[in-house]
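Notes for the one structure printed next.
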Amino acid sequence: MMDPNLDLYKSILNLGPKDRRQRMQHLPKEELIRVKTLVGKEQWTQRLTEAVAGRDLVTLALTDPVTIQENPPLQKALLGRACYPDDENDMVRRITKGLRRSGESLISSVASFDNNTYLAITKEAWILVYCDLFYIDDNNTTLYQVYTSRLQEEELHTRSEQARGVARHYMMKLARRNAKWMIPALEELSDEELSHIEDSFSDTLHEIWKQVSHPPPTWIQHILDAQQPWGFTYYKSQGVEEKYGPTWEDTWNMIIDMPQQS
């Protein structure tokens, strides 16, 4: 299908911004935005194609994780996120009802949900975070299909899920954990309760969070409640014991032997 305006814009990309504006000034603003957006998407897609270079990203993540971790475009491709940033941002604004304007801001809000803000994050937004901001159109049925698939893959520990684990940065892992806690409780709410985004939904989320989140050990909670200076304390979880147990004593002795500040 012919698109003369798009072809014209592509033909003048080698010109400077001022010259391009002059050559395209006859177009209405909406049409100029359209062709710029199309060209922008093509450029982002081309860069991603060059970054992937025909490689199987799942295999690459499992055999050379550092390459994935040092390359954000490859991370996004593995997770199914939008290649073009504005596509992801538009999706996030739509699903959060304007509460958040970008994918990273949504991840940050969900990851730090227990920081006493308790934003009125929609159920669909929690699901989107669990799905790694997988890019979808305005059909939420697709979102639920992705959610179901991701749950199954996590349970089965598939190669694809292992590869996505490599691609997720720390804040995304934290946000997904929080989302996984919250979603089952949100699914029990009625449509009426879920619709109260503008008023009481934040309080509802707060109550749910108190029920589903994992509290800190009692002794840590006592320190938090006391709000007093408490010196230096360390807590060694079972996971740390299993992984670092043989070397922990040496590390602790090194901490003890550190020079004291006067």
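Here our numbering is used: the first residue of the sequence shown is 38, the next is one more, and so on. The beta-carbon is built from N, C-alpha and C at its ideal position, and this holds for glycine as well.
Buried is the label assigned to Tyr46, since at least 16 other Cβ atoms lie within 10 Å of its Cβ. The alpha-carbon of Arg57 is positioned some 51 Å away from that of His194. Annotation note: the region 182-239 contains the following uninterrupted alpha helix (DSSP H) runs of length 4 or greater, listed N- to C-terminal: 196-204, 207-223 and 228-231. If you draw a 10 Å sphere on the C-beta of Ala212, you find 16 or more other C-beta atoms in it, and that means buried. Residues Val129, Thr133, Arg137, Ala162 and Val166 of the same chain have their beta carbon placed closer than 7 Å to that of Leu143, with the five preceding and five following residues left out of the count. Apart from the 5 residues on each side of it in sequence, Ile164 sits with its Cβ closer than 8 Å to the Cβ of Leu180, Tyr181, Tyr184, Ala216 and Ile220 in its chain, given in chain order. Shortest Cα-Cα distance from Ser227 to any of Pro41, Lys160 and Ile70 involves Lys160. In the three-state scheme derived from DSSP, where H, G and I count as helix and E and B as strand, Asp56 is classed as helix. The Cβ neighbour count for Ser146, taken over all protein chains shown within 10 Å, is at least 16; the residue is labelled buried. Approximately 10 Å separates the beta-carbon atoms of Trp267 and Ile257; this is outside 8 Å, ruling out the contact. Secondary structure note for Arg131: its alpha helix (DSSP H) is the uninterrupted segment Pro122 to Ile132.
The closest CA to that of Ser250, considering only Phe150, Leu85, Arg201 and Thr82, is found on Phe150.
For the options Pro253, Trp246, Ile49 and Ser274, the alpha carbon positioned closest to that of Thr154 is the one of Trp246.
In this structure, the CA atom of Gln112 is about 42 Å from the CA atom of Pro296.
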